[in-house]
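**Q**
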Amino acid sequence: MLDISSHDVVIVGGGGAGLRAAIAVAETDPLISVAVISKVYPMRSHTVAAEGGAAGVRLDDDSFDQHAYDTVSGGDWLCDQDAVEAFVKEAPLELMRLEHWGCPWSREPDGRIAVRPFGGMRTTRTWFAADETGFHLLHTLFQTSLKYDSVTRYDEYFVTTLLVDDGRVQGVVAIELTTGKVQAVTAKAVILCTGGCGRIFRYTTNAAIKTGDGMALAYRAGAPLKDMEFVQYHPTGLPFTGILISEAARAEGGHLLNKDGYRYLQDYDLGKPELTPVLRSMELGPRDRLSQAFIREQHKGRTVEGPYGPVVYLDLRHLGEKTISTKLPFVRELCLKYENIDPVTQLIPVRPVVHYMMGGVHTDMNGATPLPGLYAAGEAACVSINGANRLGSNSLPELLVFGARAGRAASAYAADQPPPSRRLLAGALEEEARLNDHYLQKRGGRERIADLREEMQRIMEHSVGIYRSGESLTGAADKLHELQERSCDVHLDDRGRLFNTELISALELSFMLEIAETMAQAAMERTESRGAHQRTDYPARNDENFLTHSLAYRDAAGRPQVEYIPVTITRWPPAERVYGREPPNGE
Amino acid sequence: MSTYWWLARWSYLTFILREASSVFVGWTVLLTLVQIWALTHGPSANAAFHEWMRYPLMLGVNVIAFLFVLFHAVTWFGLTPKAMVIRVKGQRVPDWAISGPNYAAWVLVSLGVAWVVLRG
Amino acid sequence: MASRITIEVTRYNPARDPEPRMTSYEVPLHREWVVLDALNCIKDHLDGSLTFRWSCRMGVCGSCGMMINGVPKLACATFLSDYAPGPVRVEPMRHFPILRDLVVDTSDFLMKLARSKPWIIRTVEKPADEEHIQTPAQLEEYRQFSMCINCLLCYAACPIYGLDPQFTGPAAIALAQRYNMDSRDEGASERLDSLSNREGIWGCMFVGECTQVCPKHVDPAGAIQQYKLTAATEWLKAMVLPRGAK
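Keeping their order, the protein sequence lines are chains A, B and C.
To get this note's numbering, take the position in the first sequence, counting from 1, and add 464.
To get this note's numbering, take the position in the second sequence, counting from 1, and add 749.
To get this note's numbering, take the position in the third sequence, counting from 1, and add 3.
(1) Please compile the residues from chain A whose C-beta is within a distance smaller than 9 Å of the C-beta of Tyr182/C.
(2) For Val628/A, list the residues DSSP reports as bridge partners.
(3) Among Asp467/A, His471/A and Leu466/A, which has the Cα closest to the Cα of Ala879/A?
(4) Along the region 763-774 of chain B, what residues have a CB closer than 8 Å to any CB found in chain C?
(5) How about Val842/B: is its C-beta nearer than 8 Å to some C-beta of chain C?
(6) Please classify Ile251/C as buried or exposed, where buried requires at least 16 neighbouring CB atoms within 10 angstroms.
(7) In angstroms with no decimal places, state the Cα-to-Cα distance between Asp1007/A and Pro494/A.
(8) According to DSSP, which residues form a beta bridge with Trp591/A?
(9) Taking 8 Å as the CB-CB cut-off, is Phe82/C touching chain A?
(10) So, helix, strand or coil for Gln141/C, using DSSP?
(11) Can you tell me where the alpha helix (DSSP H) holding Ala490/A begins and where it ends?
(12) Among the residues of its own chain, which have a CB less than 6 Å from the CB of Glu1051/A, if the five just before and after it don't count?
(13) For a test of the three-state rule: what should DSSP assign to Phe798/B, helix, strand or coil?
(14) Taking 8 Å as the threshold (C-beta atoms), are Leu729/A and Asn16/C in contact?
(15) Please list the partners that Ala224/C has in chain B, where partner means a Cβ-to-Cβ separation under 8 Å.
(16) Report yes if the C-beta distance between Leu656/A and Val476/A is below 8 Å; otherwise report no.
(17) At a Cβ cut of 9 Å, what residues of the region 933-950 of chain A count as close to chain C, listed as they run along the chain?
(18) DSSP state of Val63/C, grouped into three classes?
(19) Report yes or no: is there a C-beta of chain A within less than 8 Å of the C-beta of Thr54/C?
(20) Contact defined as beta carbons within less than 8 Å: I believe Val817/A pairs with Gly701/A. What is the distance between those atoms, to the nearest angstrom?
(21) Is the number of C-beta pairs between the region 608-615 of chain A and the region 105-125 of chain C that are closer than 8 Å three or more?
(22) With 8 Å as the threshold, decide whether the Cβ of Arg60/C is near any Cβ in chain A.
(23) Span of the alpha helix (DSSP H) holding Lys943/A?
(24) Indicate whether the contact test is met: 3 or more Cβ pairs, each with one atom in the region 656-671 of chain A and one in the region 814-833 of chain A, closer than 8 Å.
(25) If we ignore side chains and look at the alpha-carbon of each, how far apart do Gly995/A and Gly538/A end up?
(26) State the CB to CB distance for the pair Pro173/C and Leu77/C, rounded to an integer number of angstroms; the pair is presumed to be in contact (CB under 8 Å).
(27) Which same chain residues end up closer than 7 Å to Met976/A when comparing Cβ atoms and leaving out the 5 residues on each side of it in sequence?
(28) Just by C-beta distance, which residues in the region 130-157 of chain C are closer than 7 Å to chain B?
(29) For Ala159/C, I'd like the list of residues in its chain whose CB is within less than 6 Å of its CB, leaving aside the five on either flank, ordered along the chain.
(30) DSSP three-state label for Pro774/A, please.
(31) Extract the residue ranges of the alpha helix (DSSP H) inside the region 720-796 of chain A, only unbroken runs of 4 or more that lie entirely within it.
(32) Would you check if the distance between the CB atom of Arg999/A and the CB atom of Arg932/A is smaller than 8 Å?
(33) Is the beta carbon of Phe773/B sitting closer than 8 Å to the one on Val842/B?
(34) Between the alpha carbons of Met242/C and Ser848/B, how many angstroms are there, rounded?
(35) Does Pro17/C come within less than 8 Å of chain A when only Cβ atoms are used?
(36) Between Met750/B and chain C, is the shortest Cβ-Cβ distance under 8 Å, so that the two count as touching?
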């Protein structure tokens, strides 16, 4: 039943980072055999949903230093500054490369690539392809990847484990969804590009496929997960679908109202309500502050209880149909098509939703993890350039820059490696047996996947939400671990081989629980507030003890052990994170 | 696919009718050729042709043929804006601005032909 | 609004069932629920073996194409309430082999897409830090065709593809045309060689349904007709002009 194939470099995940890495390998040397293994067809990957744009220095009045400083200060000084410096230098080259590959970047009237302003960036440097930058970026990468013969695709293969032997990662085991066949793919180097894990939370902009598979694969294989306590929220998501209502709706003059129709942000030190929108004030304040205001409003009982939890209202009605249709057509389309609401006549229910994981598999600037042979890039990885809070429009260039770096580094590493060990076969057979014994051929089973998933999401929302405290976090990791144990007793209605999506859901649930536990543990142990990690019991940033990255290792009992390594500071010493006025050091 | 797939949707049916209309376009061309032949072979041949055309069956067939040819022409003109993209000052010219002149030319030519035929 | 609605779904496991059959489920009917929510509700609470693809839930990943009451649609963008009081019939996309329930085999499209060479072809590459100048008007030439999300609803709507699986089909041709019309590309003649034939553009009979069902307003039918015009013009040029004068 077990099939075996062999490549030099295996990439898990076919989104932006994975495809960029694959092309980097193919361009390094066409004789290197590279495989892209993805649980969905690559163009379905979640990169497709990114709307805003991609930051890269472009105009004369901008500089690498300014982009780096915006990134470092936005990340509340938890970024590794050497990585940030490399990132900002390579970002424009990568974006230009996309231009050569056909990405339909929006243009100035004279035909040059246009850039636009973006939240947190102090000057104009965001490249964009209308409202669908991620979509165009992903399809450009995918279509370009088709021309390289050395790239083999394993579409709709779900990777269940990494093959480790002799202290090195030497391949993966995957299930071919179409047939249910178990396939061992050996490799000299493996790159994880599986994206984030927003689905651990109930309210998220993330697609169904974002279950943190790569993070869990690495973690189980012994690589540490870095800075997992940092989870970015977006303040205005639709409650039911999690679809993101862009900042543009507020920039055009949309108001956030509580259940009394009151613009509640004025109560949270975010300025006074004006008739016309004022930058960095009220509805245009920073994302984290807006999300936090929502929670405090909820505690005061002034949010609206909707069928999908508490909401506040985004009011665009006063803008009129003309403004909404011409300035915010995509916002209106999303509301109409996916939530059955017309913002011209109706209030839009919104709430903060989980958007992005700053944390991920611990890597160096070349995507290498501490585990030899294992690389990671994109949202799955933590280099770290995002620190405690990612700046909007930094994630797309990140997956390009570090996808390419990981691809090149993995190629170089693979060139010096001996052929995969024969012992890997035993590992693969063992994994096949596990899948059969635990899932497909197991008798009984009492737990329903959906119930466990909801329970996990409830725990996460309560304990590792926008605000955390020692009280909320106490016992959270234990409860999640308990859920992991219960997930071993999961009942599958579907015991068939062909396209068994229920089996995949069970495996994804187990992955998510693994990561959720690291989040809870790392959040518990970081007794300070920084960026997206806000502790009500430790409201201040503590540079003395916590200018450090957390690293969560999985111990023999399967529990996370958190260690710390220092943040790399090159040129920008920690300073106050400032909104609405010039920073004191005049950077 | 089922043999009757083209009955499942109105658009499929109009497509099949449009394809079928080619037969009647062919019939019309054939008829025109026969008519030209009759005209060049003296008054008696022409009279016989006209006699033949007066049969109820022929009248019926030609009414149907006329409708199909009309339908064929309309679908053809409907296609023109799809195949031709013309931009003026960066804005794509609307469909009617491309098919409109086609229809106008069609009407003008038809009127011209009618004038030539009917004035005598 | 009635509080529940019946949804009839195709169930088929090729390993076990001789042929597909319809199974009915009753699900809650909420104003904001789309067909995909009904399917997820069934999978989570009624029958975990129901099989379908989905991901982004916002009409951009292209995973959840299905036949809904006989029309190809994205399940994430089709409200249940539009079909009240029901029942709603949900079937796998037509013209593709069924792998399981609502999941079809789309690998044929991936092969055809690669044959259309959907990438920029140039004789001389630009230096790495230099951009191509492309005016908004030039961008507009191909922008519409670049919006294809590969959901394949157009293949499910195209009777030509149903009758002749060799036909390259709407999306793959539209994407070839997307690159042909891109001012940065020089590969039009290369693509024409592989698409100006009966399996390619000349296979299209202009039924026009592909354009009707496209959720992204790509207008593949228009793309193919324009492609035909280009191909015919090129052919005429080759016939009329002496060699080397093209």
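All residues carry an ideal CB built from backbone N, CA and C; glycine is no exception.
**A** A quick look at the data gives this:
(1) Gly566 and Gln607
(2) Val633/A
(3) His471/A
(4) Phe764 and Glu768
(5) no
(6) In the structure displayed, chain C extends from 4 to 249; residue 251/C sits before or after that span and is not available.
(7) 47 Å
(8) Ala518/A and Val579/A
(9) yes
(10) helix
(11) Gly480 to Thr492
(12) Confidence is the limiting factor: at Glu1051/A the pLDDT is only 36, short of 50, which leaves the residue's position unreliable, though a coordinate-based value still follows. Cβ neighbours of Glu1051/A beyond the five flanking positions: Tyr533.
(13) helix
(14) no
(15) Lys831
(16) yes
(17) none
(18) coil
(19) yes
(20) 3 Å
(21) yes
(22) yes
(23) Ala940 to Ser951
(24) yes
(25) 8 Å
(26) So it is not a contact: roughly 16 Å between Cβ atoms.
(27) Cys661, Arg663, Ile664, Thr675, Gly676 and Met920
(28) Pro139, Ala140 and Glu143
(29) Pro75, Met96, Arg97 and His98
(30) strand
(31) 751-763 and 784-791
(32) yes
(33) no
(34) 29 Å
(35) yes
(36) yes
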